[in-house]
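Residue numbers (the numbering used here): 79 to 983.
Working notes, beginning with the structure itself.
In C-alpha cells:
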C-alpha cells in the first residue's frame, strides 16, 4: 500500500490532457471542457497529433513536445497508445495519471489483463501513479480540478466520495447537486489497476480538507490493505460505505453448514464493522448518515427518548425504534415527576413524551431540558407536527435556544410537513442540528449513530486477559497431517473432536465401533442412554440419511439402531461406504441452547468465524453472525450479541443465563485454531450446547486441504505475532521477557506512566501528561500489526517496565519510533536493548529509515541515539531534535550495550 505521489493527483501544479479533442460529443472534448471550465489555477496542456489548438489553447502533437513537466496527466487516448504515453509522461516527470475510456465502445477501454500490465510496466520505473483505467475520472472542487467525464461540477464541500462505479458516481453527483451538497474530492476508481480503496483511505485520513469519507464498494481486491487503511481512516473521521450486491449468496458449494451460511455479503458486513466504518444500504441513507455523523454527536448508549406535540408522529417513531439499532429509553422516576409539572394531564409523561397540540416554544424548551438531564436516556428525538394552535417556528427556536448552551447535545429533530416546517429545518441545518423530514428517517439516523458508536467502541475497547491455557498445537497439527497423508479431505467425527480437545474446547467422549455388536458392547461400557451415528467418509451430513439415533437405552437397542442406520444409508445413499459407527453418551442438559460455531472461507477476506443458533435446521433458521479473525473476548461477545439466540443465552423464565465467558472463549479458541492450522478450510461444531455450566461439543466436522500458505497470511487482519517473544538479560543480572504488545496490555501502559517520574513522562511525550485516558492508552495497545509494532518488556511479576514501538508509513519505507523505560528500571541497559530489538525488527520488515523527535534537553536519549547510529539534526521546532537512522547503511548494533550507554528518558 502506498500514498506515494498521490499529492500529484490531489494537488497538481500543472495538468496535461492526452487525447484532447475539438469534436463535439467525444470523450476528449468533454474532458477538455470540464478541465478548462473548472477554473484550475495552473497550466493545462493538451495533446492531439491532429489539432493546432484545443478550446483556443495551444495544442501539442505528442507528449514529447510538451514544453514543461506536468504533475497530473488525464489520458483519453486509444488503449494501444496508453503505455507509450505513460512512459513518455514518466520521462518528463509526470507523477500521476487518470486513464479514461477513449470512447463509448467496448474497444475504447483497457479491459484486457495484458493491456493493464503494459500500463503498469510503463509507469513503474517512474513511480507514476495510475487512477483507473475505465473510471469516470477525478474531481477536486477545492482545487478547481475536473478531470472527469461528469456532466457537472459539484460544489465545494468537506466530504470525499470514492466509488467503483462510473454510473453510481454520476448519479451521486447529480443527486448531490440538486441538494446543494458539496465535496472535497470525488474519485472514480474504475478498474483499480494501481490506486485502490486502501491507497485513498490512507491519503484521505490525513487530508485536512476532508471531514468524512463516503465509499461505494462493489468488491475489494486486497483485503488486508483495505482493512489496515480503513481502520486508520475510521479512527480519524467518519467512513460511511454502501455496498452493492447485498443479496449475493455464497459462490461455491460447501461441505459444512458454516460454508453455506457465511455468505459473501455477511462477510463484507463484518469487515466494515471491524474497520469501524458505518454501512448503509440506500443512496439517501448515505447522505443522511454524513449529515448525522458530521454534527459531532457522540452517544454513550443506545436509549432514545421521544418528544412530540402529537401522538401519531410519536407512535411512528416508536414503531421505527423496534427495527432500528437503538431502543426506547425508560425515563427515571425523577424525570417523570418533573415532567408532571410541564406536560398537561392530557399528554404523556412517559416515553414517548407527548405534549398537546397547543404546545408553545416555552413548553418544548422546558421539556427538552428535562429529557437531556435524564439518566435513563442517551439521546432525544424532538418531533413537531404543524397545528393551528401553536407556532412550529417558535418551537424550533426554543429547541435551538436550549442547544446553544449544550454544544453537540445528542438531539435529533423532525419537523413534519413542508410549508410550515421548511423554515425550521433550514435553521436547524444552518446550526448543524440534525434534522429530518419523517420520523422513520430520524430514527434511522439515530440507528446510524448507535451503530457507528458501537463500531468505534469496538476499535478501542480493552479486551479481558485470556483465561485459558495455551493449546496443544502439535497434537492438533499431527492429526490434520495424518488425514492429509491418507488422501482424505474430511476428518472423522472422532478426529475432529480430538482437534477441538487439543484447543481446550470441551467435547463429549466419542468411541468407534465397526459392527452393530461392537457398538452395543461400547454402549454397555459407556453406560446408557447413548447416541449412535454412522461413520462414513462419504457422508457430509449424517442426519440427512437417517444416520443418527438418539437416546438409546440398552445395548440391544444400540445394535438394532445400527442395523436400521445401515438400511437407511443403503436406501438413500447406496454409493456411501460405511466404516462403522460412533457411540457417545447421551448428554442431558435441559437448559442448554443448541449453537453452531465454526470456520468458513471467503474468497476476498479469507477465513472467517461463524456463530449462531444450531441444530439440524440451522440453514432454515439462518440466525448467524460472522467475524474476521483474530478474535478476543470483546469481539467474540459482540459477535454473539448480533444473533437472536443471544437473547435465549441471556436467560429467560426458569432458564438461567448461559456461561457467556465459555461461549465467547470457544470462539476465540476457534480463531486461534484457524491461525495455527492453515490446512483447515471448514469447521462445524453443531450442536455446541451452552448452559450455566459451560459448553460442550456434541458433534464436529472438519474439512482440510493441502496448503503451503502460512496460516496467518490468509487473514484480512494480521493477528498477534506470538512467535516474536525473547528474553533480555539486564546488566543487574535480572531478565525480562520482550514480546509484542497485546490489546489487554492497556492497564500495564497506564501503570508504567503512573509509576514514572513526571520529567521522564514529559520527555517521552514531548510535553506534560497529567492523565493517561483510556482512548490514548487503547490506541497505543491496540495496534495494527501490519503497520505497527510495539514491544513490551515484562517482569516475572507480569508488570510492564518498558515499551518501544515503530509506526511505518503506508509505503513501508520509513517509520517513527518511540521508547519509554519505567523510571525505576533506568540504568540497566533496558532502553538500549529495546531500541536494538525494534531496529532489528525494522530491518527484517524491510524498512529503509527510522526516525524520531527528541526534546533538545533529553540528553540521555540523544546520546543513546548516537550510540545506535542515528544522525541528529535540528527540526522546525527549536525545542525538538530530529534523529534518523539509515538502516541499509548502518550495521546492527551490538546486543551488549556499551558501558556508557545511558537510559532513555
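Quick reminder that beta carbons are idealized off the backbone N, C-alpha and C, glycines included.
query	result
My output table needs one value for residue 327: the three-state DSSP class, helix, strand or coil.	Residue placement at residue 327 is flagged as unreliable, the pLDDT there being 44, under the threshold of 50; the coordinate-derived value follows with that caveat. Residue state, collapsed to three classes: coil.
Have a look at residue 328 and residue 817 and give me their C-alpha separation to the nearest angstrom.	Residue confidence is low: residue 328 scores 40 on pLDDT, short of 50, so the model does not pin down where it sits. Its coordinate-derived value is still stated next. Distance between the alpha carbons of residue 328 and residue 817 is about 39 Å.
Note down the Cα distance separating residue 564 from residue 865, rounded to an integer number of angstroms.	40 Å
State buried or exposed for residue 172, treating a residue as buried only when at least 16 other CB atoms are found within 10 Å of its CB.	buried
Under the rule that 16 or more other beta-carbon atoms within 10 Å means buried, what is residue 97, buried or exposed?	buried
Going by Cα to Cα distance, which pick from 107, 303, 345 is closest to residue 182?	107
Among the residues of its own chain, which have a CB less than 8 Å from the CB of residue 630, if the five just before and after it don't count?	601, 606, 607, 608, 609, 610, 636, 639, 664
Taking the straight line between their C-alpha atoms, what separation do you get for residue 384 and residue 612?	58 Å
Within the segment 717-764, note down every full alpha helix (DSSP H) run reaching 4 residues or more, in order along the chain.	723-727, 738-754
Under three-state DSSP, which class holds residue 997?	No answer is possible for residue 997: the residues shown for the chain start at 79 and end at 983.
Residue 157 to residue 167, Cα distance in whole Å?	16 Å
Short check: CB of residue 684 to CB of residue 534, under 8 Å?	no
Determine the direct distance from the alpha carbon of residue 949 to that of residue 969, and round the result to whole angstroms.	14 Å
Can you give, in chain order, each stretch of the alpha helix (DSSP H) that sits fully within the segment 649-702 and has at least 4 residues?	696-699
Can you tell me which of the three DSSP states residue 230 falls into?	coil
Using alpha carbons as the reference points, say which of 474, 312, 119, 558 lies closest to residue 783.	558
Looking only at its own chain, which residues have a Cβ that is under 8 Å from the Cβ of residue 105, when we skip the five neighbours before and after it?	97, 99, 154, 178, 179, 180, 181, 182, 186, 227
Give the DSSP-derived three-state secondary structure of residue 611 in the structure shown.	strand
Any contact of the segment 751-759 with the segment 711-724, i.e. 3+ C-beta pairs under 8 Å?	no
Got a sec: does the ligand ATP put a non-hydrogen atom nearer than 7 Å to the Cβ of residue 664?	Of ligands this structure carries none, so the ligand ATP is not represented either.
Return the CA-CA distance between residue 209 and residue 196, expressed in angstroms with no decimal places.	15 Å
Taking only runs that begin and end inside the segment 452-497, name each unbroken beta strand (DSSP E) of 3 or more residues, in chain order.	457-462, 489-493
Looking at residue 727: is its Cβ nearer than 8 Å to the Cβ of residue 735?	yes
Give the secondary structure of residue 188 by DSSP, where H, G and I count as helix, E and B as strand, and everything else as coil.	coil
Residue 896 to residue 230, Cα distance in whole Å?	48 Å
In terms of DSSP beta bridges, what is residue 153 paired with?	96, 177
Within its chain, find whatever has a CB closer than 6 Å to the CB of residue 392; leave out the 5 residues flanking it on each side and keep chain order.	384, 386, 430, 432
Measure the alpha-carbon distance for residue 940 versus residue 874 and round it to whole angstroms.	30 Å
Suppose the cutoff is 6 Å on Cβ atoms and the five residues either side in sequence are ignored; what does the same chain contact list for residue 461 look like?	386, 391, 492
Please state whether DSSP places residue 797 in a helix, a strand or coil.	coil
Quick check: the Cα distance between residue 681 and residue 141, rounded to an integer number of angstroms?	41 Å
Can you give the Cα-Cα distance for residue 924 and residue 967, rounded to whole angstroms?	13 Å
Given residue 898, which residues of its chain have a CB within under 6 Å of its CB, disregarding the five upstream and five downstream residues?	842, 881
Where do the ends of the beta strand (DSSP E) carrying residue 847 lie?	Element bounds for residue 847: n/a, residue is neither H nor E.
Please check the pair residue 961 and residue 934, which I expect to be a contact at CB under 8 Å, by giving their CB distance rounded to whole angstroms.	The Cβ separation is near 11 Å, so there is no contact.
Does the segment 483-501 touch the segment 455-471, meaning 3 or more C-beta pairs lie closer than 8 Å?	yes
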